[in-house]
């Protein structure tokens with residue numbers, strides 16, 4: 097059997113309790129996994145600053161997979177991979193969503209902190 101080398105964990109509904117905290121049992125399990133030499137990666141739809149806070153809380157140094165995979169950064173903020181739309185394309189999508197009353201959430205900066213939201 098192959099040795100486990102990496103564990104990828106979603107933040108919402110997996111890492112966090114319903115109270116939006118990391119339980120002591122989860123912390124202990126992650127610590128044990130890390131002690132065995134297994135890498136732990138946080139994977140989330142959240143922004144960089146939100147995910148980084150949890151990674152730092154757990155002492156993780158692995159890259160963060162953000163915005164449902166659209167952005168991969170390390171905790172220092174270096175970008176490893178990004179799937180970004182050209183500005184013109186993004187503006188067109190936002191305009192069409194507004195015109196058709198479609199709910200849309202997109203981020204307009206490399207850190208994923210700014211937002212363009214349309215509501216039906």
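Residue numbers (the numbering used here): 97 to 216.
Yeah, the Cβ is synthetic: ideal placement off N, Cα and C, and Gly gets one too.
Counting pairs of beta carbons, one from the stretch 163–183 and one from the stretch 127–135, are three or more of them closer than 8 Å?
The stretch 163–183 is not in contact with the stretch 127–135.
Examine the Cβ distances between the stretch 140–157 and the stretch 103–122 and report whether three or more of them are shorter than 8 Å.
Touching, yes.
Cα separation between residue 193 and residue 120?
Cα to Cα, the separation comes out at about 43 Å.
Beta bridge counterpart(s) of residue 104 as assigned by DSSP:
DSSP output for residue 104 lists 137 as bridge partner(s).
Any C-beta of chain D sitting closer than 8 Å to the C-beta of residue 121?
Protein chains in the displayed structure number just one, and chain D is not present.
Secondary structure at residue 176, three-state DSSP: helix, strand or coil?
Strand at residue 176.
If you reduce the DSSP assignment to three classes, tell me which class residue 111 lands in.
Note: residue 111 maps to helix in three-state DSSP.
Going by the beta-carbon positions, is the gap between residue 118 and residue 153 smaller than 8 Å?
Going by C-beta atoms, residue 118 is nearer than 8 Å to residue 153.
Comparing alpha-carbon positions, which option in 116, 101, 164 and 114 lies nearest residue 201?
Closest option to residue 201, Cα to Cα, is 164.
Contact check, residue 162 vs residue 182, beta carbons under 8 Å:
Cβ atoms of residue 162 and residue 182: not closer than 8 Å.
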